[in-house]
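In this note's numbering, the protein residues as written are 390 to 625.
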């Protein structure tokens with residue numbers, strides 16, 4: 390089954406994605422994506438060996454809470470901007486403020502580390518962190534971006550970024566089951582970079598899907614005209 394078939398209108402004619410049911414659709418994508426991400430962790434990356442002890446520490450929940458705040462803020466912004474609600478960008482700006490505070494905290498901690506600490510081998514895994522978050526988020530990005538494009542938002546770039554950021558934040562929560570780093574000097578910049586990368590991916594995917602939809606719509610309008618031109622007798 391293709392993504393087009395999965396997101397096709399129901400037999401009754403009601404679209405699966407619309408401005409009215411968008412919050413529910415995004416929640417469904419997030420739930421399915423989190424489950425798929427968990428399976429990806431189990432099959433590919435593996436759970437962190439100290440998970441049982443980690444869930445009893447505040448750092449684990451701060452990481453998850455940070456990503457959850459960004460997921461909620463980005464999702465609310467996407468829904469409000471699609472519906473052309475006033476102040477639709479406010480939830481995304483609030484999420485950006487939280488991210489800025491988290492990054493500042495990470496920077497302050499990094500400034501307190503010794504040069505040896507900053508040159509610690511775990512910095513070499515920064516790219517792996519970003520790539521892993523993007524990989525976990527990819528299924529969510531495809532479905533969410535296609536669905537958001539089908540709603541034909543008035544501000545597609547912002548909606549695409551917000552939707553992608555939300556997917557990346559959900560992926561980051563799941564990635565926390567694998568990532569064993571506890572220093573905010575690492576968590577703040579690289580986990581945030583992974584989520585922002587997903588936001589950029591969502592922006593690009595929504596733009597791509599929107600172009601495909603416009604091309605198909607134009608083709609659907611042209612095909613009947615060509616058919617009439619080929620069979621002029623049928624119009625007599």
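Quick reminder that beta carbons are idealized off the backbone N, C-alpha and C, glycines included.
- Taking a contact to require three or more Cβ pairs closer than 8 Å, the stretch 466–484 and the stretch 564–576 do not qualify as touching.
- Per the Cβ contact rule, the stretch 512–521 is not in contact with the stretch 486–503 (fewer than 3 Cβ pairs under 8 Å).
- For residue 534, the uninterrupted alpha helix (DSSP H) segment begins and ends at 515–539.
- Per the coordinates, the alpha-carbon of residue 495 lies some 28 Å from the alpha-carbon of residue 422.
- Relative to the Cα of residue 454, the nearest Cα in the group 426, 466, 434, 484 belongs to 484.
- Where residue 413 is concerned, the enclosing alpha helix (DSSP H) starts and stops at 411–429.
- Assigned with DSSP and collapsed to three states, residue 571 falls in coil, not helix or strand.
- Annotation for residue 518: 568, 579, 580, 583 place their beta carbon closer than 7 Å to its own, counting only its chain and skipping 5 residues before and after.
- Residue 557 is positioned such that its CB atom lies closer than 9 Å to that of residue 523.
- The distance from the Cβ of residue 471 to that of residue 548 is about 6 Å, consistent with a contact at the 8 Å cut-off.
- The Cβ-Cβ distance between residue 539 and residue 406 falls below 9 Å.
- When secondary structure is reduced to three states using DSSP, residue 473 falls in the coil class, being assigned neither helix nor strand.
- Around the Cβ of residue 542, a 10 Å sphere holds 16 or more other Cβ atoms; the residue is buried.
- In the structure shown, residue 561 falls within a helical segment according to DSSP collapsed to helix, strand and coil.
- Of all C-beta pairs linking the stretch 422–437 to the stretch 448–463, fewer than three are shorter than 8 Å, placing the two stretches out of contact.
- Ranked by how close their Cα comes to the Cα of residue 545, the residues 451, 597, 499, 420 have 597 in first place.
- Your pair residue 537 and residue 463 does not check out as a contact, with CB atoms roughly 12 Å apart and the cut at 8 Å.
- Taking 8 Å as the upper bound for CB-CB distance, residue 592 and residue 532 are not in contact here, some 16 Å apart.
- Straight through space, the alpha carbons of residue 560 and residue 428 are spaced by roughly 12 Å.
- Taking C-beta separations shorter than 7 Å and ignoring five residues to either side along the sequence, the partners of residue 525 in its chain run 426, 429, 560, 563, 564, following chain order.
- Between the C-alpha atoms of residue 527 and residue 450 there is a straight-line separation of about 24 Å.
- About 12 Å separates the Cβ atoms of residue 415 and residue 554, ruling out a contact at the 8 Å cut-off.
- Straight across, the Cα-Cα distance linking residue 601 with residue 608 is about 10 Å.
- Residue 487 sits in a helix when the DSSP states are folded into three classes.
- Per DSSP, the unbroken alpha helix (DSSP H) holding residue 441 starts and ends at 440–443.
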